[in-house]
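Chemist:
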Amino acid sequence: MSTGNIANPILAGFQPDASILRVGDDYYIATSTFEWFPGVVIHHSKDLVHWRTLTRALDRMSQLDLLGAPSSGGIWAPALSYDNGTFYLCITDVKARRGVYKDLHNYIVSAPSITGPWSDPVYLNSSGFDHFLFHDTDGRKWLFNMQWDFRKNKKRFAGIVMQEYSEAERKLIGPVHKVTEGTDLGVTEGPMVYKRGGYYYLLLAEGGTGINHAATLMRSRSITGPYEVDPDYPVLTTAGHPEYPLQKAGHGSLVETQNGEWYMVHICSRQLPDGSGLSPLGRETAIQKVVWTEDGWLRLAAGGRLPQLEAPAPDLPPYPFPAEPARDEFGTAELGVHWHTLRVPADDSWLSLTARPGYLRLTGRESLNSWHRQSLVARRIGSFRCSVETCVEFEPECYTQMAGLVLYYDEQDHFYLRISHDETYGKHLAVVTSERGQYDEAEDYVSVEGWGRCYLRAVIDNENTRFSYSADGSDWKSIGPALYTGQLADEYQRKLSFTGAMAGVCVQDLRGTALHADFDYFEYREHETL
4 MSTGNIANPI LAGFQPDASI LRVGDDYYIA TSTFEWFPGV VIHHSKDLVH
54 WRTLTRALDR MSQLDLLGAP SSGGIWAPAL SYDNGTFYLC ITDVKARRGV
104 YKDLHNYIVS APSITGPWSD PVYLNSSGFD HFLFHDTDGR KWLFNMQWDF
154 RKNKKRFAGI VMQEYSEAER KLIGPVHKVT EGTDLGVTEG PMVYKRGGYY
204 YLLLAEGGTG INHAATLMRS RSITGPYEVD PDYPVLTTAG HPEYPLQKAG
254 HGSLVETQNG EWYMVHICSR QLPDGSGLSP LGRETAIQKV VWTEDGWLRL
304 AAGGRLPQLE APAPDLPPYP FPAEPARDEF GTAELGVHWH TLRVPADDSW
354 LSLTARPGYL RLTGRESLNS WHRQSLVARR IGSFRCSVET CVEFEPECYT
404 QMAGLVLYYD EQDHFYLRIS HDETYGKHLA VVTSERGQYD EAEDYVSVEG
454 WGRCYLRAVI DNENTRFSYS ADGSDWKSIG PALYTGQLAD EYQRKLSFTG
504 AMAGVCVQDL RGTALHADFD YFEYREHETL
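Count along the sequence shown from 1, then add 3; that gives the number in our numbering.
1. Helix or strand or just coil, what does DSSP make of G489?
2. For F397, which of A461, H519, D413, D416 has the nearest alpha-carbon?
3. Does DSSP put F572 in a helix, in a strand, or in coil?
4. Excluding the 5 residues flanking G185 on each side, which residues of the same chain have their C-beta closer than 8 Å to its C-beta?
5. Between the alpha carbons of V125 and N109, how many angstroms are there, rounded?
6. Quick check: what's the CA-CA separation for L312 versus M267?
7. On the DSSP bridge assignment, give the partners of K105 in chain order.
8. Starting from S473, follow the beta strand (DSSP E) in both directions and report where the run begins and ends.
9. Mind checking whether A316 and N8 have CB atoms under 8 Å apart?
10. Got a sec? Which residues, its chain only, sit under 6 Å from R460 by beta carbon, not counting five neighbours each side?
11. Could you tell me the distance, in whole angstroms, from the CA atom of E246 to the CA atom of A252?
12. Apart from the five residues just before and just after H53, which ones in its own chain have a Cβ nearer than 7 Å to its Cβ?
13. Restricting to runs no shorter than 3 residues, where is the beta strand (DSSP E) found entirely within the region 290 to 314?
14. Name the two residues that bound the continuous beta strand (DSSP E) containing N3.
15. Quick one, are the C-beta atoms of H269 and Q291 less than 8 Å apart?
16. Assuming contact is defined by CB atoms lying nearer than 8 Å, are N148 and D277 in contact in what I supplied?
17. Take L57 as the anchor and find which of N215, Q166, G339 has the nearest alpha-carbon.
18. Any idea if P194 is buried or exposed, counting beta-carbon neighbours within 10 angstroms, 16 or more meaning buried?
19. Counting Cβ pairs, one atom from each stretch, are 3 or more of them under 8 Å apart for the region 370 to 382 and the region 510 to 518?
20. Among V44, L51, C93, A99, whose alpha-carbon lies nearest the alpha-carbon of L69?
21. Alpha carbons only, please: which of V462, G483, E400, V435 is nearest the one belonging to G453?
22. Give me whichever residues DSSP pairs with F40 in a beta bridge.
23. Per the contact definition of three or more C-beta pairs closer than 8 Å, is the region 484 to 494 in contact with the region 274 to 289?
24. How is C93 classed by DSSP in three states: helix, strand or coil?
25. Taking buried to mean at least 16 other C-beta atoms within 10 Å of its own C-beta, is F153 buried or exposed?
26. Could you tell me the alpha carbon to alpha carbon distance between Y442 and L410, rounded to whole angstroms?
27. Measure the Cβ-Cβ separation of Y168 and W145 and say whether it is below 8 Å.
28. Given that a residue counts as buried once 16 or more other Cβ atoms are within 10 Å of its Cβ, and exposed if not, what is A349?
29. Judging by CA-CA distance, which residue of C271, P328, N128, K155 is the nearest neighbour of V534?
30. Could you have a look at W151 and say whether DSSP puts it in helix, strand or coil?
31. Going by DSSP, name the residue or residues bridged to C401.
32. Could you spell out where the beta strand (DSSP E) holding M267 opens and where it closes?
33. For the beta strand (DSSP E) containing R59, list its first residue and its last residue.
34. What residues match up with R383 in a beta bridge as DSSP calls it?
35. Assess, as a yes-or-no matter, whether the region 428 to 445 is touched by the region 89 to 103 under the definition of 3 or more beta carbon pairs within less than 8 Å.
36. What does a CB cutoff of less than 6 Å around R308 pick up in its chain, not counting 5 residues either side in sequence?
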C-alpha cells in the first residue's frame, strides 16, 4: 500500500477546473479546454498519485462547434458524474465573454464508458456557467449552476440556482430554485453537490479565479435549501499569502476512496520566480487530503487553509503508468492524446499523418490571429524549464506563406520562429512576436536558401525564452532576442484570460494556395536545470 506523498500539482500546465470522479477502483478528472479542440481532457488514475491523459470527450463537430469562439471562450468548467452504469459530463460552451453579457449554452453528454462513445449534446439552459448534475438517492437528478446577471447595480455573479433534470424528457423541468447567493467572498460559482450523513453539501468556488480564489462549503437537510455556511469558511484559499508557491487555490471537487478517505482536487497556479506574479503555465490541478469534523464540516488534513505542496497518499496500491516519450515521431495515423488543434478538429483537408508516413503534414490556412481555421497543432507547457524542438520541410514562395515553431497563448500574445520567403532575403528564418496584438519581427533574418530541412528549437528558462535553429540538428545557433515568458500568462497586462501557454507547430498560407509543410517530429522535454 502507498505510504508516500502526492506531489502538487498533479496535472501540470493548463489544466483548470478539475472535476473528479471515482467509479470502482478508477479515478477520473475532467479539465477545461476553452477554445482548444478536442474538448474536455479526461485524466485517469488508480492511486491518486500517478495520472495519465486518457481521452478527450468532445471530438467531433456535432458535439462541439468552436468556429469563431473567442479566446478563453469555448468549454468552461466541465463536470463529471456517474449513475447506474452511465457517465455524464456537463459542459458550458461560451460564445461571448467580454462585456456585461455572457452568451453561453449549457449541455450534457453521456456515455456507457469513460472512453466513450460520448453522445451528442442535450441542451439544458443558458442562465449561467459551471453547471453540475447531481444524482440523488431517490433517483431524481438536479442541475446546479451559477446565475449571471448583467443588469446595472446588480451582482454579476447572482448566486447558485437549481432545477430538476428529466432524463426521459431530455430537458429541465419544474421550478428554478435559488439556493444561495454565496458569502461575502463574492464571485460565487463552480457548484459541486454531495450527500453525506443526512446533509446535502454544496462546495463552491468563490473570490474569483485569481489570487483571491477560494473553496467554500455549505450544507442543508433539503436539496433545495436553505443552505448554511461553514462557520469557518473558506475550506481552502491562498488569498493574503502572495509569497506562497501555489496561488489561486479554489474551485474544489471531492472524492471518497474505496477505504473511506476523502480528497479534494482544486485549481492552483505557480508563478514565475521573478516576482512578477505571472503564471504562464496557466491554472493547474492540485490535490489535498481532507477530513470531516465531528460536527460535519470539511477541513484540510494538514490544518489551516493553505494547499500543501505534498499531500499524503491514500491507502491504495501504487499504480504508475509508463513514462510518455519525449519525442513524437508522428508514426501513427492519428494525433496522440496530448495534441490539440485550435477551434476545429483535425481532418484531411488540412492535416495528415498518412500523406507522408512518419511526418505531420499541415496545409497552410489562416493567420495566427484567426478565430476560425488555423492550421496549428499544439500541446501544453508544464514546466518553467523546458525545451521544444521540431524539424520542418517547407518551400515558401512569398511572404504570405509561413511555417514553423510557435509558443502560443492566444492570437494576441505568442512567439513564432517561422520560415518564410521575401524579395530581400529569399527563403529565411525570423522570430515574429505579438504582444497584446502588436505585431513585430526581430531583424536578424537568417537565410536558409537551399536548406531542405530546418531544425527549430525553443528553450524556456523561467522568465527567459530563446529560439535557435540548425541545419543538421547538431550545430545550433541562437536567433532573435530573449523573450519574456511572462507574456504568455493569463494575467499579463491584466489580460483576464483563462488558458495557458502551448507549444506547437503551424502553417499559414494567406494567399490561399494551400501550400503545405512537413514536420518530421516534435520533442518536448522538461529540465531541472538549463
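A virtual CB, placed ideally from N, CA and C, is assigned to each residue, including glycine.
Modeler: With the structure as the only source:
1. For the purposes of this step, residue 489 is identified with residue 486 of the sequence shown, where counting begins at 1. In the structure shown, G489 sits in a helix (DSSP, three-state: H, G or I).
2. To locate residue 397, count along the sequence shown from 1; it is residue 394. Ranking the options by Cα distance to F397, first place goes to H519.
3. Here the chain covers residues 4 to 533 and nothing more, so residue 572 does not appear.
4. Here residue 185 refers to the residue found at position 182 when the sequence shown is read from its first residue. Result list for G185: F160, G162, I163, T191, L207, E209, T219, in chain order.
5. Taking the sequence shown and counting its residues from 1, one reaches residue 125 at position 122. Taking the sequence shown and counting its residues from 1, one reaches residue 109 at position 106. Cα to Cα, the separation comes out at about 9 Å.
6. Working through the sequence shown from its first residue, we reach residue 312 at position 309. Working through the sequence shown from its first residue, we reach residue 267 at position 264. Looking at the two C-alpha atoms, the distance is approximately 14 Å.
7. Mapped onto the sequence shown, residue 105 falls at position 102. For K105, which the question treats as bridged, DSSP gives no partner whatsoever.
8. Taking the sequence shown and counting its residues from 1, one reaches residue 473 at position 470. Unbroken beta strand (DSSP E) run through S473: 467 to 473.
9. Within the sequence shown, the letter at position 313 stands for residue 316. Within the sequence shown, the letter at position 5 stands for residue 8. The answer is yes: Cβ separation under 8 Å.
10. In the sequence shown, the residue the question calls residue 460 occupies position 457. Closer than 6 Å at the Cβ level, and outside the excluded window around R460, lie E392, S471.
11. Position 243 of the sequence shown, counted from the first residue, corresponds to residue 246. Position 249 of the sequence shown, counted from the first residue, corresponds to residue 252. For E246 and A252, the distance between alpha carbons rounds to 13 Å.
12. As a working note, residue 53 is residue 50 in the sequence shown. Cβ neighbours of H53 beyond the five flanking positions: Y322, P323, F324.
13. 301 to 303
14. Only positions 4 to 533 of the chain appear in the structure, and residue 3 is not among them; the question remains open.
15. Your numbering for residue 269 matches position 266 in the sequence shown. Your numbering for residue 291 matches position 288 in the sequence shown. Yes, these two residues count as a Cβ contact at 8 Å.
16. The count along the sequence shown starts at 1 and reaches residue 148 at position 145. The count along the sequence shown starts at 1 and reaches residue 277 at position 274. No, the pair does not count as a contact, with Cβ atoms beyond the cut-off.
17. Within the sequence shown, the letter at position 54 stands for residue 57. Nearest option by C-alpha distance: G339.
18. Here residue 194 is taken as the residue at index 191 of the sequence shown, counted from 1. With 16 or more Cβ atoms within 10 Å of its Cβ, P194 is classed as buried.
19. yes
20. As a position in the sequence shown, residue 69 is number 66, starting the count at 1. Of the listed residues, the one whose Cα sits closest to L69 is A99.
21. In the sequence shown, residue 453 corresponds to position 450, counting from 1. If we check each option's Cα against that of G453, E400 comes out closest.
22. For the purposes of this step, residue 40 is taken as the residue at position 37 of the sequence shown. Answer by DSSP bridge pairing, in chain order: T344.
23. yes
24. Residue numbering aside, residue 93 sits at position 90 when the sequence shown is read from its first letter. If DSSP states are grouped into helix, strand and coil, C93 belongs with the strands.
25. Taking the sequence shown and counting its residues from 1, one reaches residue 153 at position 150. Answer is exposed; the Cβ neighbour count stays below 16.
26. By 1-based counting over the sequence shown, the position of residue 442 is 439. By 1-based counting over the sequence shown, the position of residue 410 is 407. Cα-Cα distance, rounded: 15 Å.
27. As a first step, residue 168 must be located in the sequence shown, where it is residue number 165. As a first step, residue 145 must be located in the sequence shown, where it is residue number 142. Contact: yes.
28. Locating residue 349 in the sequence shown gives position 346, where the first residue counts as 1. Buried.
29. The question about residue 534 has no answer here: the residues shown for the chain are numbered 4 through 533.
30. Sequence index remark: in the sequence shown, residue 151 carries index 148 (1-based). Three-state result, W151: strand.
31. For the purposes of this step, residue 401 is taken as the residue at position 398 of the sequence shown. Answer is none; C401 lacks a bridge partner.
32. Indexing the sequence shown from 1 puts residue 267 at position 264. 265 to 272 is the extent of the beta strand (DSSP E) around M267.
33. Residue mapping note: residue 59 aligns to position 56 of the sequence shown, counting from 1. That run of the beta strand (DSSP E) goes 55 to 61.
34. Residue 383 sits at position 380 when you count from the first residue of the sequence shown. Per DSSP, M505.
35. no
36. Translated into the one-based positions of the sequence shown, residue 308 becomes position 305. Here the set comprises L239, T240.
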